[in-house]
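Trainee:
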Amino acid sequence: MSQSELSRSIEKLGAADDWEGVWKLIDGALAATTTEPDTASMQQLIDHALAKKNGRQA
Numbered sequence: 000m001s002q003s004e005l006s007r008s009i010e011k012l013g014a015a016d017d018w019e020g021v022w023k024l025i026d027g028a029l030a031a032t033t034t035e036p037d038t039a040s041m042q043q044l045i046d047h048a049l050a051k052k053n054g055r056q057a
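The sequence shown: position 7 = 6 (numbering that gives the first Met the number 0), numbered continuously.
(1) Give the secondary structure of Asp-26 by DSSP, where H, G and I count as helix, E and B as strand, and everything else as coil.
(2) For Ala-57, I'd like the list of residues in its chain whose CB is within less than 8 Å of its CB, leaving aside the five on either flank, ordered along the chain.
(3) If you compare alpha carbons, which of Leu-44, Gly-54, Asn-53 is closest to Val-21?
(4) So, at 6 Å on beta carbons, what are the nonlocal neighbours of Ile-25 in its own chain, with the 5 sequence-adjacent residues on each side left out?
(5) Should Ala-48 go down as buried or exposed, given a rule of 16 or more other Cβ atoms within 10 Å for buried?
Here you go:
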């Protein structure tokens with residue numbers, strides 16, 4: 000995954016209702032690792048946040 004693909008995924012979160020929850024999720028994952036996160040890991044976090052957001056709207 001390229002940085003631009005990751006950036007587009009993050010932009011999708013711009014409409015998220017619960018930004019605080021999104022950032023807590025991401026911050027928690029970053030705090031749990033001692034290495035730089037790779038883009039695949041970040042994409043998984045974004046996908047999870049989007050799924051939670053979409054689930055609340057359903």
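Yeah, the Cβ is synthetic: ideal placement off N, Cα and C, and Gly gets one too.
Mentor: On the basis of the coordinates in this document:
(1) helix
(2) Since pLDDT at Ala-57 reaches only 42, below the 50 mark, its modelled position is unreliable, and the value read off the structure follows with that caveat. Correct list: empty, nothing qualifies.
(3) Leu-44
(4) Leu-44
(5) buried
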